[in-house]
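> Handing you this structure, nothing more for now.
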Amino acid sequence: MSSASALLSRLKPDNFTLALLSTVAIASVLPCTGQTAVVFGDITTFAIGLLFFLHGAKLSREAIVAGLTHWRLHLLVLACTFVLFPILGLALKPVALAVLTPDLYLGLLFLCMLPSTVQSSIAMTAMGRGNVPAAICSASASNFLGIFITPLLVGAFIVQGQAGRSSLDAVLAIVLQLLVPFIAGQVCRRWIGAWVDRHKPMLKYVDQGSILLVVYTAFSEAVSEGLWHKLSPQLLVTLGLICCVLLAVVLGLSFWASRRLGFSSADEVTIVFCGSKKSLASGVPMAKVLFATSSLGMIILPVMLFHQIQLMVCAVLAQRFARRAD
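Residues 5 to 330 (the numbering used here) are what the sequence shown spells out, left to right.
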């Protein structure tokens, strides 16, 4: 009975998911427009820079060095993240365009090109008794490389004219807005690293607050463009089902590949969780840089939906892996 209660508690939406839903509701009723939208846009840009500065300050070089030697695991995770996912996204195009709007499919394809999560990948790996140092290194490397790889994939595979910038401009914009603050955080870690490590629970509010700001401004613009007239409940359910199928295929293939390549049980857990996740924390700021604001609400919707689905499914898997380890 206690294990069932624990499982149900894992499946319940967390506070951040509820905050996301509340932000969408507020944007639907009280969207920011005109000069207010400009001010919110400037605040959001600053918050995103602060977010990646703190990510740089939090990232331990020792943890990265500890996991770098496990290069076969990292290559497999990166292949799942930046090769398998985009291939599946492109393969889904005929079906997705038949049942979704073009902007929602664009968001689904963008989702497939994002890096892995950091916090939840590590947390799920730890819960499932996986290789935590390798998870720290692999998820961190995925996020860092995603700053370059994601805009290049967007430029190469998303229909010309849909993305807000060319691939080269997108990389430069990502570098200026995300990578420069990240490197500045790494440089400043020697002075502020101890303070950041002591206040990690407090600093998560910077992460979440910046995402909520982007979601609010994006959905405000989308509501002004008639989002809820274009998006029916049936369309939302269909998008959720496609996200479930996408996640199930990646989980199955990553599990199969880790077994075929002879990885240990602990490494298998790391590969499954790090290779199947997509980062909401990186995806929403990247979408703001890469895409025109008029379509941003529709584009980040698949990312938000997939984020919640992956958390619920991977929580159940982590419990199973933990029981297997016991």
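Just so you know, even glycine gets a beta-carbon here, dropped at the ideal spot from N, CA and C.
A quick note: this is a predicted structure, and the numbers were derived from the prediction, not measured.
Roughly how many whole angstroms lie between the Cα atoms of residue 46 and residue 312?
Cα-Cα distance, rounded: 28 Å.
> Express the C-alpha separation of residue 307 and residue 301 in angstroms, rounding to a whole number.
So the two alpha carbons sit approximately 10 Å from each other.
> Please report the straight-line C-alpha distance between residue 54 and residue 188, rounded to a whole angstrom.
If you take the alpha carbons of residue 54 and residue 188, they lie about 10 Å apart.
> Taking the C-alpha atoms as reference points, what is the distance between residue 261 and residue 182?
Computed Cα separation, rounded: 33 Å.
> Mapping DSSP to helix, strand and coil, what is residue 295?
Correct three-state label for residue 295: strand.
> I need the DSSP call for residue 327, collapsed to helix, strand or coil.
If DSSP states are grouped into helix, strand and coil, residue 327 belongs with the helices.
> Mapping DSSP to helix, strand and coil, what is residue 287?
Of the three classes helix, strand and coil, the one that applies to residue 287 here is helix, per DSSP.
> With C-beta atoms as the reference, is residue 283 less than 7 Å away from residue 21?
Not closer than 7 Å, so no.
> Which class does residue 267 belong to by DSSP, given the choice of helix, strand or coil?
Here residue 267 sits in coil by DSSP.
> Considering residue 153, what are the terminal residues of the alpha helix (DSSP H) in which it resides?
From DSSP, the alpha helix (DSSP H) with residue 153 extends over 136-161.
> Quick check on the burial criterion: 16 or more other C-beta atoms within 10 angstroms. Buried or exposed for residue 220?
Answer is buried; the Cβ neighbour count reaches 16.
> Do three or more CB pairs link the stretch 90-104 to the stretch 119-136 at distances below 8 Å?
Touching, no, given that fewer than three Cβ pairs across the two stretches are closer than 8 Å.
> Taking its Cβ as the centre, do 16 or more other Cβ atoms sit within 10 Å of residue 211, making it buried, or is it exposed?
Burial call: buried.
> With a cut-off of 8 Å, do at least 3 Cβ pairs link the stretch 213-228 to the stretch 87-97?
Taking 8 Å as the limit for Cβ pairs, the verdict is that the stretch 87-97 does not touch the stretch 213-228.
> Give me the Cα-Cα distance between residue 290 and residue 23, rounded to the nearest whole angstrom.
Using only the alpha carbons, I get a separation of about 20 Å.
> Among 217, 190 and 243, which has the Cα closest to the Cα of residue 30?
Answer by Cα proximity: 217.
> Going by DSSP, what residue range makes up the alpha helix (DSSP H) through residue 197?
Run containing residue 197: 184-202, per the alpha helix (DSSP H) assignment.
> Kindly indicate which residue of 130, 286, 75 and 139 has the alpha-carbon position closest to the one of residue 324.
Looking at the Cα atoms, 130 is the closest of the given residues.
> Assuming residue 258 contacts residue 246 (C-beta within less than 8 Å), just tell me the rounded distance between them.
With 8 Å as the limit, residue 258 and residue 246 do not qualify as a contact, their Cβ atoms being about 19 Å apart.
> Comparing alpha-carbon positions, which option in 92, 148 and 37 lies nearest residue 280?
Of 92, 148 and 37, the residue nearest in Cα terms is 92.
> Taking the beta carbon of residue 147 as the centre, do at least 16 other beta carbons fall within 10 Å, making it buried, or is it exposed?
With 16 or more other Cβ atoms within 10 Å, it is buried.
> Would you mind sorting residue 310 into buried or exposed? The rule is 16 or more other CB atoms within 10 Å of its CB.
Classification of residue 310: buried, given that the 10 Å Cβ count is 16 or more.
> In the DSSP assignment, find the alpha helix (DSSP H) that holds residue 123 and state where it starts and stops.
Residue 123 -> alpha helix (DSSP H) spans 123-131.
> Got a sec, what are the start and stop residues for the alpha helix (DSSP H) residue 59 sits in?
Run containing residue 59: 38-62, per the alpha helix (DSSP H) assignment.
> What did DSSP end up calling residue 35 once you bin it into helix, strand or coil?
The answer is coil: DSSP assigns residue 35 none of H, G, I, E or B.
> When burial is assigned at 16 or more other CB atoms within 10 Å of the CB, is residue 168 buried or exposed?
Annotation note: pLDDT 49 at residue 168 (below 50); position unreliable, coordinate value reported separately. Counting Cβ neighbours within 10 Å, residue 168 comes out buried, since at least 16 surround it.
> Count the other CB atoms within 10 Å of the CB of residue 299; is the residue buried (16 or more) or exposed (fewer)?
By the neighbour-count rule (16 or more Cβ atoms within 10 Å), residue 299 is buried.
> Are there 16 or more other CB atoms within 10 angstroms of the CB of residue 314, so buried, or fewer, so exposed?
Buried, because 16 or more other Cβ atoms sit within 10 Å of the Cβ of residue 314.
> Report the three-state DSSP secondary structure of residue 119 (helix, strand or coil).
Three-state result, residue 119: coil.
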